[in-house]
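Written below as structure tokens is the structure these notes are about.
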Amino acid sequence: MQADRDPMGRAIADYHRDGKAARLRVFSPMFDEDEIPVAKLFRTLDEMPDIEREALLTAAGAILDVGAGAGCHALALQAMEKQVTAIDISLLAVATMRERGVKDVREQDFFTLDGPQFDTILMLMNGIGIVGTLSRMDAFFMQVDRLLAPGGQLLCDSSDICYVFEDEDGIIDLTGIDGYYGELTYRMQYRDVKGEPFPWLFIDAETLREQAAAHGYHCDILVRGPHYDYLARLTRKR
3 MQADRDPMGR AIADYHRDGK AARLRVFSPM FDEDEIPVAK LFRTLDEMPD IEREALLTAA
63 GAILDVGAGA GCHALALQAM EKQVTAIDIS LLAVATMRER GVKDVREQDF FTLDGPQFDT
123 ILMLMNGIGI VGTLSRMDAF FMQVDRLLAP GGQLLCDSSD ICYVFEDEDG IIDLTGIDGY
183 YGELTYRMQY RDVKGEPFPW LFIDAETLRE QAAAHGYHCD ILVRGPHYDY LARLTRKR
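Numbering (this note's numbering), first residue to last: 3 to 240.
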């Protein structure tokens with residue numbers, strides 16, 4: 003991804019260089035303007051939530067860190083003396099990871115990655131959101147089939163955003179929603195760098211189980227977080 007269309011990559015590069023960054027703004031038709039704290043992308047293992055720490059401890063063998071960002075997970079895995087390959091579509095993020103000491107890092111889209119298989123595919127910080135929509139699950143699992151070694155696992159976290167539709171009485175009403183309620187569209191901006199709109203998927207645990215089963219995978223929920231979030235492990239059915 004080119005720097006003039008890469009707000010997150012620019013924010014990561016600035017924070018790495020200066021120890022601070024401007025606001026990384028996030029826009030979506032469903033929500034008010036929000037922002038991503040850039041420092042969060044540089045957190046250490048001790049600063050990570052339980053879901054992420056459990057995923058890193060569970061990861062084994064040859065590991066693929068998808069959408070690795072500033073490299074916080076890859077660096078933590080290296081500190082555990084685990085073998086990790088980090089990929090990201092952002093050229094600026096990839097350059098930053100190299101400067102931070104990630105040993106094996108590539109500018110690469112997960113959906114076009116080719117080459118050796120991995121024992122663990124890691125998709126954290128709702129990394130499975132790159133699927134975008136439920137209609138792309140077929141393409142997603144086809145790529146997982148290519149990249150996951152026999153006996154391997156895919157570890158991902160996500161959130162059930164049904165709480166967005168909860169009224170003052172605590173009732174969640176999903177009637178009248180066009181499509182799956184976890185399919186969102188985002189756009190990011192950092193200083194004067196504006197990114198293109200992109201689809202992003204928040205998938206609830208039961209829907210992920212159904213999708214996994216339909217594509218020949220088991221889905222086990224390893225950890226449930228305090229805010230409708232969870233860590234899942236996907237493995238092939240025998």
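The beta carbon of each residue, even a glycine, is placed where N, CA and C say it ideally should be. Note that the coordinates shown come from a computational prediction; the quantities given were computed from them, not determined experimentally.
Query                                                                                                                                          : Result
For a test of the three-state rule: what should DSSP assign to residue 62, helix, strand or coil?                                              : coil
Skipping 5 residues on each side, what residues in its chain have a beta carbon closer than 7 Å to that of residue 113?                        : 141 and 145
Does residue 172 pass the burial test, meaning 16 or more other C-beta atoms within 10 Å, or should it be called exposed?                      : exposed
Measuring CA to CA, which of 37, 82 and 14 is closest to residue 47?                                                                           : 82
Expressed to the nearest angstrom, what Euclidean distance is found between the alpha-carbon atoms of residue 92 and residue 4?                : 7 Å
Considering just the uninterrupted stretch of the beta strand (DSSP E) at residue 37, what are its terminal residues?                          : 33-38
In chain order, which alpha helix (DSSP H) runs of at least 4 residues are fully inside the region 98-158?                                     : 139-149
Could you tell me whether the region 27-38 touches the region 185-199, using the rule of 3 or more Cβ pairs below 8 Å?                         : yes
My understanding is that residue 89 touches residue 115, with C-beta atoms under 8 Å, so please give their C-beta distance in whole angstroms. : 7 Å
Out of 175, 165, 212 and 23, point me to the one whose CA is closest to residue 2's CA.                                                        : Residue numbering for the chain in the displayed model covers 3 to 240; residue 2 lies beyond these limits and cannot be assessed.
Taking its Cβ as the centre, do 16 or more other Cβ atoms sit within 10 Å of residue 152, making it buried, or is it exposed?                  : exposed
Going by the beta-carbon positions, is the gap between residue 225 and residue 54 smaller than 7 Å?                                            : no
Given a cut-off of 7 Å, decide if residue 65 and residue 86 are closer than it, judged by their beta-carbon atoms.                             : yes
Please confirm whether residue 201 and residue 129 have their CB atoms less than 7 Å apart.                                                    : no
Per DSSP, which one or two residues make a beta bridge with residue 201?                                                                       : 187
By Cβ distance, which residues of its chain are closer than 6 Å to residue 232, with the 5 residues on each side in sequence left out?         : 207, 223 and 226
Tell me where the beta strand (DSSP E) around residue 80 begins and ends.                                                                      : Not the beta strand (DSSP E): residue 80 falls in the alpha helix (DSSP H), residues 74-81.
Report yes if the C-beta distance between residue 73 and residue 108 is below 7 Å; otherwise report no.                                        : no
Is the Cβ-Cβ distance between residue 236 and residue 131 less than 7 Å?                                                                       : no
Could you give the residue range of the alpha helix (DSSP H) that holds residue 209?                                                           : 207-216
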